[in-house]
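In terms of numbering that gives the first Met the number 0, the sequence shown is residues 0 to 694. Note that beta-carbon positions come from the ideal geometry of N, C-alpha and C, so glycine has one too. These figures come from a predicted structure and were not determined experimentally. Taking it in order: structure first as structure tokens, then the write-up.
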Amino acid sequence: MSSAAGEQGTGNGAGAGVAASETSISHSREKISLCCEIILDHFGPIAAQVASTLLQRGRLTLRELSRFLATPTIHAPTGYIPEQDDVSHAEASMFDAWQSAANGASAGGSSSSATSWSTPLKSQRLIQQTLLTLIQHNICWHARALPNGSLVQASMDDSTSLEDAFRGVEYFQINVEEVLPRLRFGAYLNIAEERFGETGLSSVNTILRNGKIRAADVIERVSQQGHDREHVEDIMRDLLYYGYIQPSWPKVHTSARDRRISYEAELVSRTRKILGPKEKMEIAETARNSLTNDDYEVWFSSKREEKPVRRGLGPRKVTKKRKPNGRAQKDAKGSKKAKATNGKPAKRTFMGIELSEEEDGGEEGTGPKSFSIDDTIYIRINHDRFDVHLRDEFILRTVEARYNSQLARIVQVMLHLCTGAYDTIPSARDIYSNSLHVNTLRQKMPLKMGLKDAFDHKTMKEKLGSDASHDSALLGEAIAILVGGGDESRTGQARRMIGPSEFARPNKHMGGYSQIQIEYRNAARLMRHAILRTVIEAQFGANGLRVITLLQDLGKLDEKQISKVCLISMSETRDVCARLFAAGLLSLQEIPKASERVAARSFFFWYVDEKKCISWLSDHLCKSLARLTQRRRHEQAREADLVVKSQRIDVKMDETLLRDVERIRLHRLQETVNIISLAELRAWQDLFIVSSLPE
């Protein structure tokens with residue numbers, strides 16, 4: 000049973016009709032296996048067993064979950080497996096027709112045998128405690144639903160009876176989008192330390208270890224680690240102001256699908272007439288708007304039409320500070336740090352870029368310093384905000400590899416200037432950035448940029464003449480290169496990472512446009528294609544890479560054209576296309592010559608289905624990560640006694656307590672684990688680019 004089956008809610012009328020018309024959400028067996036391995040690493044075998052059942056079965060009640068866990072099973076933690084690896088029956092019959100017409104070799108798949116993965120779990124109290132732990136760490140959704148699909152929103156206060164509060168049936172469901180980011184927790188801590196120092200590192204680490212926690216508890220625990228309490232409060236305020244942490248709103252604990260079905264069921268119950276297609280479409284649109292408002296209410300307590308008021312941030316109480324006496328003021332002005340900045344405090348920098356007045360905190364009454372955090376709210380980590388930094392880092396790597404480090408530096412400044420703060424929370428799934436005026440970019444560029452090194456001196460002198468030494472002219476040429484040199488074709492627009500804004504006006508001196516924006520979708524597509532071609536070359540060889548690259552560039556081609564352009568024989572072309580089709584990377588388009596649709600009198604064109612390629616690549620990376628995790632755990636289990644002994648305090652103080660053989664074994668284990676960890680790092684980075692960036 001697939002996870003999609005469990006996610007379909009109950010409902011009547013328009014709610015059920017719209018739910019059935021939506022694309023079912025299911026997860027591949029590779030992704031489910033990876034999620035189980037992650038939960039096993041972070042929470043132990045019992046949590047992994049509960050999560051595996053929910054991932055395989057979909058949304059379940061506590062009674063159903065207990066029944067499935069108490070039943071012995073021999074199935075591994077895998078998802079729904081189609082009959083021919085996500086190949087439809089129409090495509091399979093078309094492929095058979097092409098084989099019979101071309102007399103090609105047949106390709107078959109092998110099925111893996113299921114093995115025993117877990118033992119029965121009969122303690123319902125233990126299952127409840129495990130569910131509470133998963134809910135605490137935002138991994139498990141839970142919702143109490145009525146038979147018509149609407150959710151119970153009753154709150155436990157004095158006016159609420161137990162009968163009203165516990166109506167309906169409570170369902171539990173695993174949120175995969177909260178499991179996979181746990182691979183990037185180390186990167187999140189590194190970003191927090193780089194952006195907010197050791198205090199920010201301790202604060203983010205405390206929140207990650209607790210899932211959901213009150214802001215006052217975070218401040219108290221971090222203060223007990225030796226950090227100044229006022230500084231911790233300021234760091235927590237900055238983390239909430241810039242969106243690195245978010246308030247834990249009750250609606251976030253329910254899946255968007257359940258909330259949509261509930262909104263539709265509520266709208267249908269208010270209608271007292273037979274619903275037609277137009278009314279059903281209006282109800283579906285209203286439900287989608289309600290979901291958008293829910294996402295807005297997580298961050299803002301005001302309505303969308305009003306001035307944005309951030310949730311959890313209140314106006315700061317300004318207290319008068321005692322002015323220092325004459326001698327203290329004179330000493331402050333005469334300090335070395337004050338002399339270096341003319342008596343003004345030095346501005347902080349991030350990624351080598353000087354922060355603006357508002358970003359650095361500003362004066363009293365502006366920026367984050369004008370707010371104070373409400374320490375009574377519950378907070379959680381906003382993975383999407385940390386993912387923005389990872390996305391920017393990968394974009395910079397791509398620009399540097401494609402052009403040079405100087406142009407990557409320009410893009411780095413652009414990425415920093417296009418990041419929102421109070422009224423807009425940036426997301427890693429943004430399609431494009433905010434508009435940026437070229438003059439603003441020129442003013443924010445560092446003084447010692449070294450743009451001359453980005454170009455050939457002789458060529459630039461011939462093109463720009465006396466302006467070749469001016470930074471404005473060089474910046475304009477750099478922007479023109481990043482925009483694509485005026486190539487407005489479809490291919491040129493798809494390959495550029497920087498594009499003109501919709502408000503841009505022609506500008507002859509600054510790259511041809513007055514306002515520009517970063518095309519995140521194009522950048523993600525270029526990075527995905529690079530990863531896809533690397534994996535295809537490793538699995539299918541150079542001929543497979545040639546075929547995929549050709550079809551991605553030119554579209555649909557038959558085997559004769561592929562053979563002619565790729566310079567490979569017909570037999571090799573058929574073999575490569577057959578293997579790529581069996582993997583789900585290629586698709587067939589049949590065009591009959593007559594109405595009989597005879598295979599011998601038909602054209603067969605190969606083409607690349609981008610969605611299938613990305614799905615195949617994501618599953619491949621998930622399988623690699625799961626196997627690397629299993630291998631690391633196996634290597635550590637082989638030397639478990641030695642690992643326990645090396646963690647003793649006396650052994651840490653004096654390594655001579657270990658024998659020579661034990662030291663050699665421990666050193667060999669550390670090298671093996673380091674190699675596996677490095678492979679895991681590369682794999683989750685590729686998986687992040689493939690699955691977490693806009694398509």
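Would you kindly work out how many angstroms separate the C-alpha atoms of residue i and residue j, rounded to a whole number?
i    : j    : result
D40  : V534 : 27 Å
C764 : N542 : Beyond the ends of the chain as shown, which are 0 and 694, falls residue 764; an answer cannot be given.
I260 : V267 : 10 Å
V650 : A191 : 33 Å
S623 : A283 : 39 Å
S110 : S27  : At S110 the pLDDT is 33, less than 50, meaning the model places this residue with poor confidence; the figure from the coordinates comes in the next sentence. Going by the C-alpha atoms only, they are around 15 Å apart.
R489 : D608 : 18 Å
R66  : V168 : 16 Å
G313 : A522 : 38 Å
D452 : R208 : 46 Å
I372 : R236 : 5 Å
I675 : F393 : 22 Å
A682 : H619 : 10 Å
L54  : K611 : 22 Å
A582 : K272 : 50 Å
P71  : I45  : 15 Å
L585 : P693 : 22 Å
Q135 : T205 : 14 Å
E654 : F195 : 36 Å
L68  : L133 : 16 Å
R220 : S614 : 43 Å
W140 : E176 : 11 Å
F572 : K592 : A small correction: the amino acid at residue 572 is Thr; Phe does not occupy that position in the sequence shown. Near 23 Å, if we compare the C-alpha coordinates of K592 and T572.
T548 : Q560 : 14 Å
Y519 : R596 : 43 Å
N438 : E501 : 17 Å
From this set, the options, which residue's C-alpha is nearest residue i's C-alpha?
i    : options                   : result
Q538 : V575, S254, I45 and S432  : V575
L238 : L440, Q492 and I378       : I378
I696 : A593, C621, A639 and L290 : Outside the displayed range of the chain (0 to 694) lies residue 696, so it cannot be described from this structure.
M526 : R66, S562 and S691        : S691
I736 : R520, Y240 and K306       : There is simply no residue 736 to check, as the chain begins at 0 and stops at 694 in what is shown.
R287 : R256, V297 and F299       : R256
S434 : A427, S426, R428 and C417 : C417
L531 : D685, L53, V151 and P499  : D685
Q224 : I648, E197 and I561       : E197
I663 : V642, M652, L677 and S25  : V642
A472 : L450, V597, R573 and L274 : L450
R441 : I515, G242 and L389       : I515
R143 : N174, T52, K250 and E176  : K250
Y512 : L656, R647, H436 and W140 : H436
L188 : L656, H382, S25 and L587  : H382
Is residue j closer than 7 Å to residue i when the C-beta atoms are compared?
i    : j    : result
L627 : E670 : no
L120 : Q172 : no
F580 : E589 : no
L406 : A477 : yes
L616 : V546 : no
L474 : I497 : no
R56  : Y243 : no
S149 : A264 : yes
I376 : P246 : yes
V178 : C34  : yes
S300 : P307 : no
I380 : R181 : no
L550 : Y606 : yes
Kindly identify the DSSP beta-bridge partner or partners of residue i.
i    : result
I695 : Summary: the structure shown does not reach residue 695, with the chain confined to residues 0 through 694, and so no result is reported for it.
E518 : Y431
F370 : P314
R213 : Y377
L585 : V607
I590 : F602
T60  : Y170
H252 : In the DSSP output, where bridge partners are listed per residue, H252 has none listed.
Q245 : R379
L150 : A144
P499 : I515
Does any residue of chain C bring its CB to less than 7 Å from the CB of residue i?
i   : result
H26 : This model lacks chain C altogether; it includes just one protein chain.
The segment 122-137 / the segment 42-62 touching (three or more Cβ pairs under 8 Å): yes
Are at least three pairs of beta-carbons, each pair with one atom in the segment 390-398 and one in the segment 407-415, less than 8 Å apart? yes
Do the segment 222-233 and the segment 194-207 touch if we need at least three Cβ pairs shorter than 8 Å? yes
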